[in-house]
Ligand code: NAD
Ligand code: DAU
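Given below as structure tokens:
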């Protein structure tokens with residue numbers, strides 16, 4: 003069946019993997035990648051699919067409602083996979099307004115454009131608005147327990163508050179206007195093409211340059227890591243198999259205390275750089291903690307496994323090795339994305355921490 007699918011944020015980290023999967027796996031679908039190309043968006047991430055006949059890139063801002071209206075009408079969009087967002091917690095602490103603007107108002111603009119277009123052209127049958135969200139909406143866990151689809155929302159950072167708000171708008175459109183929607187809440191992703199403001203690529207890049215590795219607080223916070231291609235596979239499975247109005251948690255049952263992950267990663271990077279294994283452990287620098295730092299996230303993705311048969315395909319050790327290799331093999335990519343504005347970001351964010 004042919005479909006016209008709008009993927010937002012497709013030039014970002016997760017979005018580029020979702021675009022690649024859909025363009026390659028579904029030649030009958032027309033895939034429109036809408037991205038504003040903020041600091042986090044990079045068309046280099048999509049060089050291998052940009053000539054595909056079923057792929058079109060559109061530069062645009064989801065907050066621009068009139069433009070969203072035009073895009074839905076012009077391309078007869080019948081499915082949306084919405085990933086465009088401001089995604090970094092530390093940035094949200096410095097500039098919460100940008101997060102409310104893109105994540106809340108941008109999502110609302112997209113929802114309204116979809117609703118009006120779909121109501122104008124025969125109704126909601128066969129349409130789907132898929133909103134990609136985060137486990138951070140559930141807040142923070144202590145040492146025990148998991149987030150399930152019925153855990154109450156309790157966001158703690160400006161980023162997670164903005165994502166929670168956007169989730170609520172998506173459900174409101176289902177309840178009020180009968181729009182077929184689905185939401186998935188995923189744990190921490192890692193893998194190729196992630197902007198080096200996030201823990202794993204930032205640390206790999208710093209090890210390359212023998213720069214200090216800024217561990218927040220005591221490094222005791224816990225995250226549940228999932229390889230980005232497995233997240234893209236889950237989005238595919240949910241997009242095609244969900245019940246409209248439903249929610250799915252996506253995670254790897256793969257919890258790591260930050261400091262343990264960092265030590266493991268250092269050993270892998272050292273080995274692949276040909277340094278004595280563990281030589282870079284002395285780069286670890288404990289710095290001032292993130293304000294309001296959530297202690298632990300842990301996702302229970304049993305529902306997704308039981309209902310749609312999805313499971314992570316990679317063991318963490320294998321995924322980490324693949325990831326480190328990708329960044330070391332793509333040094334010029336890292337150098338390009340860390341030139342210019344990145345240096346100012348780094349000095350502002352980390353200068354005051356040390
Ligand atoms: P990212 O920051 O790497 O990419 C975001 C993309 O959105 C970029 O290409 C950027 O240019 C684009 N964008 C930003 N503002 C826009 C706007 N106003 N209009 C159009 N495009 C805009 O983010 P990511 O890590 O790939 O995350 C993608 C989505 O997945 C986000 O919604 C995020 O909340 C969610 N998520 C991320 C993770 C994770 O671990 N990274 C985990 C769970 C959920
Ligand atoms: O859980 C899903 C979320 O995971 C996504 O919704 C977010 O978009 C994504 O950014 C990620 O959020 P985190 O805040 O968990 O990821 P980050 O890579 O920023 O940090 C991971 C952990 O490492 C966290 O406990 C903070 C810590 N950290 C991070 C950085 C950047 C450090 O100790 N030092 C650092 O320099």
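In the working numbering, the protein residues as written are 3 to 356.
Note that the Cβ used here is the ideal one computed from N, Cα and C, for glycine as well.
Residue i versus residue j: straight-line alpha-carbon distance, rounded
{"i": "residue 247", "j": "residue 240", "result": "12 Å"}
{"i": "residue 21", "j": "residue 296", "result": "31 Å"}
{"i": "residue 214", "j": "residue 322", "result": "20 Å"}
{"i": "residue 108", "j": "residue 155", "result": "21 Å"}
{"i": "residue 110", "j": "residue 122", "result": "18 Å"}
{"i": "residue 85", "j": "residue 165", "result": "11 Å"}
{"i": "residue 34", "j": "residue 282", "result": "43 Å"}
{"i": "residue 71", "j": "residue 45", "result": "24 Å"}
{"i": "residue 309", "j": "residue 186", "result": "14 Å"}
{"i": "residue 210", "j": "residue 140", "result": "35 Å"}
{"i": "residue 10", "j": "residue 326", "result": "27 Å"}
{"i": "residue 118", "j": "residue 181", "result": "11 Å"}
{"i": "residue 26", "j": "residue 74", "result": "23 Å"}
{"i": "residue 293", "j": "residue 106", "result": "22 Å"}
{"i": "residue 6", "j": "residue 250", "result": "23 Å"}
{"i": "residue 339", "j": "residue 255", "result": "31 Å"}
{"i": "residue 346", "j": "residue 225", "result": "27 Å"}
{"i": "residue 274", "j": "residue 299", "result": "30 Å"}
{"i": "residue 277", "j": "residue 317", "result": "25 Å"}
{"i": "residue 355", "j": "residue 285", "result": "15 Å"}
{"i": "residue 36", "j": "residue 65", "result": "12 Å"}
{"i": "residue 205", "j": "residue 3", "result": "44 Å"}
{"i": "residue 349", "j": "residue 342", "result": "12 Å"}
{"i": "residue 124", "j": "residue 335", "result": "45 Å"}
{"i": "residue 101", "j": "residue 126", "result": "29 Å"}
{"i": "residue 244", "j": "residue 28", "result": "18 Å"}
{"i": "residue 130", "j": "residue 208", "result": "41 Å"}
{"i": "residue 184", "j": "residue 203", "result": "30 Å"}
{"i": "residue 307", "j": "residue 313", "result": "6 Å"}
{"i": "residue 362", "j": "residue 158", "result": "Because residue 362 is not part of the residues shown, which for the chain are 3 to 356, the question remains open."}
{"i": "residue 153", "j": "residue 128", "result": "29 Å"}
{"i": "residue 112", "j": "residue 67", "result": "7 Å"}
{"i": "residue 188", "j": "residue 237", "result": "10 Å"}
{"i": "residue 104", "j": "residue 279", "result": "42 Å"}
{"i": "residue 253", "j": "residue 259", "result": "16 Å"}
{"i": "residue 291", "j": "residue 99", "result": "22 Å"}
{"i": "residue 173", "j": "residue 234", "result": "22 Å"}
{"i": "residue 329", "j": "residue 53", "result": "24 Å"}
{"i": "residue 344", "j": "residue 289", "result": "20 Å"}
{"i": "residue 18", "j": "residue 83", "result": "12 Å"}
{"i": "residue 201", "j": "residue 261", "result": "11 Å"}
{"i": "residue 372", "j": "residue 337", "result": "Residue 372 lies beyond the range of the chain shown here (3 to 356); nothing can be said about it."}
{"i": "residue 315", "j": "residue 115", "result": "36 Å"}
Cross-strand partners of residue i (DSSP beta bridge)
{"i": "residue 215", "result": "286"}
{"i": "residue 60", "result": "36"}
{"i": "residue 259", "result": "224"}
{"i": "residue 204", "result": "Partner(s): none; residue 204 has no beta bridge."}
{"i": "residue 301", "result": "149"}
{"i": "residue 9", "result": "35 and 83"}
{"i": "residue 183", "result": "131"}
{"i": "residue 250", "result": "186"}
{"i": "residue 192", "result": "229"}
Residue i: CB within 8 Å of a non-hydrogen atom of the ligand MN
{"i": "residue 325", "result": "With respect to the ligand MN, the structure shown offers nothing to examine, as its ligands consist of the ligand NAD and the ligand DAU."}
**Message:** Please enumerate, following chain order, all residues with a beta carbon closer than 6 Å to at least one heavy atom belonging to the ligand DAU.
**Reply:** Those residues are 89, 90, 91, 136, 137, 138, 189, 190, 200, 201, 204, 216, 217, 218, 223, 225, 260, 292 and 299, given in chain order.
**Message:** I want to know whether the stretch 27-42 touches the stretch 141-151 - three or more CB-CB distances under 8 Å.
**Reply:** Contact between the stretch 27-42 and the stretch 141-151 is absent: fewer than three C-beta pairs spanning the two stretches fall below 8 Å.
**Item:** Ranges of the beta strand (DSSP E) found wholly within the stretch 103-144, counting only runs of at least 3
**Value:** 130-136
**Prompt:** Contact between the stretch 73-90 and the stretch 6-22: three or more CB pairs below 8 Å?
**Reply:** yes
**Prompt:** At a cut of 8 Å, does the stretch 208-228 reach the stretch 166-183 through at least three beta carbon pairs?
**Reply:** no
**Prompt:** For the stretch 92-103 against the stretch 133-141, are there 3 or more C-beta pairs whose distance is under 8 Å?
**Reply:** no
**Item:** the stretch 222-231 contacting the stretch 192-199, beta-carbon criterion three pairs below 8 Å
**Value:** The stretch 222-231 vs the stretch 192-199: in contact.
**At least 3 beta-carbon pairs within less than 8 Å: the stretch 50-62 vs the stretch 254-271** = no
**Item:** alpha helix (DSSP H) runs wholly inside the stretch 288-356, at least 4 long, in chain order
**Value:** 304-310, 318-331, 333-339 and 343-353
**Message:** Please give me, in chain order, every unbroken run of the alpha helix (DSSP H) with length at least 4 that falls completely inside the stretch 156-180.
**Reply:** 160-179
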